[in-house]
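Colleague: Below is the structure I would like to discuss, written out as structure tokens.
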Amino acid sequence: MLEYYSIHGSFSFTRQTLYSTGSDPISMSAGHFNNDNQLDIVVTSYFENSLDIIFGYENGSFTKTTTYITDSPSYSVTVNDINNDVRPDAVTIKFDDASLIVFIGSSDGSFEKQML
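If you count the sequence shown from 1, position 95 lands on 276 in the numbering used here, and the numbers rise without skipping.
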């Protein structure tokens, strides 16, 4: 479960929304995945062997739209442009053998899984 809080000028926080993720989310990172200039979130879920993409919207809300299967538990995720195409990619580390899974990002916010 991902909880979103908004900050107020008085340095207080208000919980806005809970967003469902896979069971046992273990790592998250953020980037601009779908070219709308809104921050998006990627979350790895250990027991579901998944990578969840949660898109951000201009009004501050988020929507989980896509789940990608990692084939084994993953314990970390980071966002970076791995293939130098100016689009963010997601990289996760498999728990069982410490190999990398790279999810190559496209301009519409979708990803293509590649094993390294």
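For each residue, glycine too, the CB sits at the ideal point set by N, CA and C. Nothing here was measured: the structure is a model prediction, and the numbers come from that model.
Under 7 angstroms between the Cβ atoms of Lys275 and Ser257?
Modeller: Within the sequence shown, numbered from 1, the residue matching residue 275 stands at position 94. Within the sequence shown, numbered from 1, the residue matching residue 257 stands at position 76. Against a cut-off of 7 angstroms, the Cβ pair of Ser257 and Lys275 comes out as no contact.
Colleague: On the criterion of 16 or more Cβ atoms from any shown chain inside 10 Å, does Asp278 qualify as buried, or is it exposed?
Modeller: For the purposes of this step, residue 278 is taken as residue 97 along the sequence shown, with counting starting at 1. Exposed, since its Cβ has fewer than 16 Cβ neighbours within 10 Å.
Colleague: Between Tyr227 and Ile207, is the Cβ-Cβ spacing less than 7 angstroms?
Modeller: Along the sequence shown, read from residue 1 onward, the residue named residue 227 stands at position 46. Along the sequence shown, read from residue 1 onward, the residue named residue 207 stands at position 26. Yes; because the gap between Cβ atoms is below 7 angstroms, this pair is in contact.
Colleague: What did DSSP end up calling Ser231 once you bin it into helix, strand or coil?
Modeller: What you label residue 231 is simply residue 50 of the sequence shown in a count that begins at 1. Note: Ser231 maps to strand in three-state DSSP.
Colleague: Which of helix, strand or coil does DSSP assign to Tyr238?
Modeller: Here residue 238 is taken as the residue at index 57 of the sequence shown, counted from 1. Coil, per DSSP.
Colleague: Buried or exposed: which applies to Asp266, given that a residue is buried once 16 or more other Cβ atoms fall within 10 Å of its Cβ?
Modeller: Position 85 of the sequence shown holds residue 266. Per the 10 Å Cβ criterion, exposed.
Colleague: Considering only the beta carbon of each residue, do Pro269 and Phe214 sit closer than 7 angstroms?
Modeller: Within the sequence shown, numbered from 1, the residue matching residue 269 stands at position 88. Within the sequence shown, numbered from 1, the residue matching residue 214 stands at position 33. The answer is yes: Cβ separation under 7 angstroms.
Colleague: Report, in whole angstroms, the separation of the C-beta atoms of Val223 and Ser231, which I expect to be a contact under 8 angstroms.
Modeller: Here residue 223 is taken as the residue at index 42 of the sequence shown, counted from 1. Here residue 231 is taken as the residue at index 50 of the sequence shown, counted from 1. The pair is not a contact, with the Cβ atoms about 11 angstroms apart (cut-off 8 angstroms).
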